[in-house]
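Reading through the structure tokens given below for one structure.
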Amino acid sequence: MKIRGGIPLKGTIKTQGAKNAALPVMAVCLLLRGETLTLDNVPDLYDINTMKELLETLGIDVEVTGSTMDFHAPEELKWEAPDNLVRKMRASSLVLGPLLANCGKVSLPLPGGCSIGSRPIDLHLKGLKQMGAEIEIQNGVVHASVKGKLRGRRIYLDFPSVGATENLMMAASLAQGETIIENIAREPEIDNLAAVLRCVGVPVELEGTGGVRIQGIEKAHSGHERVIPDRIEACTYILAAVMTNGHVKVEDLVPSHIDAILAKLEESGAKFAVHQNTVEIFPSKKKLHPVSVKTMPYPGFPTDSQPQMAAALSIARGVSTIEESVFQARFLYAQELNRMGADIQISRDVAIIRGVEKLQGASVKASDLRAGAALIIAGLAAEGETTVDDMVHVWRGYEAIDKKLRSIGADVELVS
Ligand code: EPZ
Numbered sequence: 003m004k005i006r007g008g009i010p011l012k013g014t015i016k017t018q019g020a021k022n023a024a025l026p027v028m029a030v031c032l033l034l035r036g037e038t039l040t041l042d043n044v045p046d047l048y049d050i051n052t053m054k055e056l057l058e059t060l061g062i063d064v065e066v067t068g069s070t071m072d073f074h075a076p077e078e079l080k081w082e083a084p085d086n087l088v089r090k091m092r093a094s095s096l097v098l099g100p101l102l103a104n105c106g107k108v109s110l111p112l113p114g115g116c117s118i119g120s121r122p123i124d125l126h127l128k129g130l131k132q133m134g135a136e137i138e139i140q141n142g143v144v145h146a147s148v149k150g151k152l153r154g155r156r157i158y159l160d161f162p163s164v165g166a167t168e169n170l171m172m173a174a175s176l177a178q179g180e181t182i183i184e185n186i187a188r189e190p191e192i193d194n195l196a197a198v199l200r201c202v203g204v205p206v207e208l209e210g211t212g213g214v215r216i217q218g219i220e221k222a223h224s225g226h227e228r229v230i231p232d233r234i235e236a237c238t239y240i241l242a243a244v245m246t247n248g249h250v251k252v253e254d255l256v257p258s259h260i261d262a263i264l265a266k267l268e269e270s271g272a273k274f275a276v277h278q279n280t281v282e283i284f285p286s287k288k289k290l291h292p293v294s295v296k297t298m299p300y301p302g303f304p305t306d307s308q309p310q311m312a313a314a315l316s317i318a319r320g321v322s323t324i325e326e327s328v329f330q331a332r333f334l335y336a337q338e339l340n341r342m343g344a345d346i347q348i349s350r351d352v353a354i355i356r357g358v359e360k361l362q363g364a365s366v367k368a369s370d371l372r373a374g375a376a377l378i379i380a381g382l383a384a385e386g387e388t389t390v391d392d393m394v395h396v397w398r399g400y401e402a403i404d405k406k407l408r409s410i411g412a413d414v415e416l417v418s
């Protein structure tokens, strides 16, 4: 993508359905037999297409009508996930729980790491074993099976892993008896999964103490639910408006899902107003004040907005810090921002960001999805022209980002 920076963004932009909600709730269809799951507000993204293809290889018939998807499950599912699709996307591991619960066995190549860390699934496998699964890993493939049904039980997650929470909630849906999972992830995407499980007949009770109680059922029925707005995409556009000193309304979001970011923006002096399901950013004469940020599991500051926040702080006043406590290595973008004139030094899991007057356009590379987003919003604020390469990472999570940015006045174009 080629970006000519320095233009204050102006106008209104709508948020897409959440990638990280759509991926797990699509996997719920693997709990069905001869029934249909309908999901509204599914975003049009590479990762969504990868999940659709994966479900189709497992025997699901998927019908797409705009942003609504119908998943028709056969009486008998296949239970082997192909390597080429699983290696493309870590979220493929989300088929483990539902397939094991519904078919009694599943073979899944271990998902690879990616540029933000090793990304193991040990917590997923530990929970499934506690529910009675036999698990072997041979030649990089996870072979899981259970005689009869999985058994409901009390499970404690060592870390509130989003993926482990989702896999185990889906596994518990067809298990024998009740499952209680403690120390679960509390991201809004978990509430969305609970709603979709309820719509196919699974009694799910989320407890305020960070636990969930699920009664296993005999057979799930057809259901229809909606994917929640993408809070991370929304924050990306909010930060783009702040960095370009623009006047932008970001619509179709749930403001309470981004409290941590809004609190940090308020602390740094950004000017904005929160309406029902809209955040409106106003131009402000002054640069942002420096702040210190630490990424945490929800409701803390989201790791997925960390690179974009670093871009915004790279042109704030003073010295800001960002500590990444969720992933091992999520600072690859820093060296690319420094090519644009930023002054970011990394020491272990902390980025020290010395604000500079302006960024300069440069040719940079996206190393992963959110790093790419950070470079794009940096290019929008920079003086001159920026080219962001390896946009394939960005298309995984940002629907029509070029069109959306042009609709609020950005000068961007895709070049082959
Ligand atoms: C989900 O990944 C998201 N992906 C990630 O978004 C997000 O960054 C992450 O949650 C944290 O919010 C999807 O929802 C598809 P985790 P997930 O399990 O489930 C360690 C994006 O940009 N861990 O909460 O993989 C793990 O290594 C993506 O949209 C284990 O050690 O996140 C990591 O350090 C990037 N063992 C930490 O926990 C396990 O069994 C958080 O992982 C599982 C996780």
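Per the working numbering, the sequence shown starts with residue 3, numbered consecutively.
Backbone N, C-alpha and C define an ideal beta-carbon position, used for all residues, glycine too.
- Going by beta carbons, serine 294 and alanine 222 fall outside the 8 Å limit.
- Lysine 4 sits away from glycine 411, with the two beta carbons spaced by 8 Å or more.
- Remark: the shortest separation between the CB of arginine 121 and any heavy atom of ligand 1 falls under 7 Å.
- Secondary structure of methionine 298 (DSSP, three-state): coil.
- Secondary-structure assignment with DSSP links aspartate 63 through a beta bridge to His74.
- Alanine 265 has its alpha-carbon roughly 15 Å from the corresponding atom of glutamate 282.
- By alpha-carbon distance to lysine 367, the top candidate from Ala402, Val321, Thr388 is Thr388.
- Excluding five sequence positions before and after arginine 153, the CB atoms of its chain that fall closer than 7 Å to its own CB belong to Met133, Gly134, Ala177, Gln178, Gly179, given in chain order.
- By alpha-carbon distance to arginine 188, the top candidate from Ile157, Leu199, Pro162, Ile348 is Pro162.
- Between the alpha carbons of proline 76 and serine 94 lies a distance of about 20 Å.
- Comparing C-alpha distances from threonine 14 to each of Lys131, Lys21, Tyr239, Gly99 shows the shortest one belongs to Tyr239.
- Comparing C-alpha distances from glutamate 37 to each of Phe333, Val164, Cys201 shows the shortest one belongs to Cys201.
- Valine 256 is positioned such that its CB atom lies no closer than 8 Å to that of leucine 41.
- In this structure, leucine 170 sits near isoleucine 183, with a CB-CB distance shorter than 8 Å.
- Relative to the non-hydrogen atoms of ligand 1, the Cβ of aspartate 351 never comes closer than 7 Å to any of them.
- Where leucine 334 is concerned, there is no enclosing beta strand (DSSP E), because DSSP gives it neither an H nor an E.
- DSSP, read as helix, strand or coil, puts leucine 41 in strand.
- The segment 359-374 and the segment 141-158 do not touch, with fewer than 3 CB-CB distances between them shorter than 8 Å.
- Look at alanine 384 here: in three-state DSSP terms it is coil, with no helix or strand label.
- By the neighbour-count criterion, in which a residue is buried when 16 or more other Cβ atoms sit within 10 angstroms of its Cβ, histidine 277 is exposed.
- The beta carbon of leucine 101 sits closer than 6 Å to the beta carbons of Leu32, Trp81, Val108 from its chain, once the five residues preceding and following it are set aside; these are given in chain order.
- Proline 285 and tyrosine 300 have their alpha carbons spaced roughly 29 Å apart.
- Within the segment 195-251, the complete alpha helix (DSSP H) segments at least 4 residues long are 233-245, listed from N- to C-terminus.
- When rounded, the separation of the alpha-carbon atoms in aspartate 193 and glycine 212 is 12 Å.
- For threonine 167, the uninterrupted alpha helix (DSSP H) segment begins and ends at 164-175.
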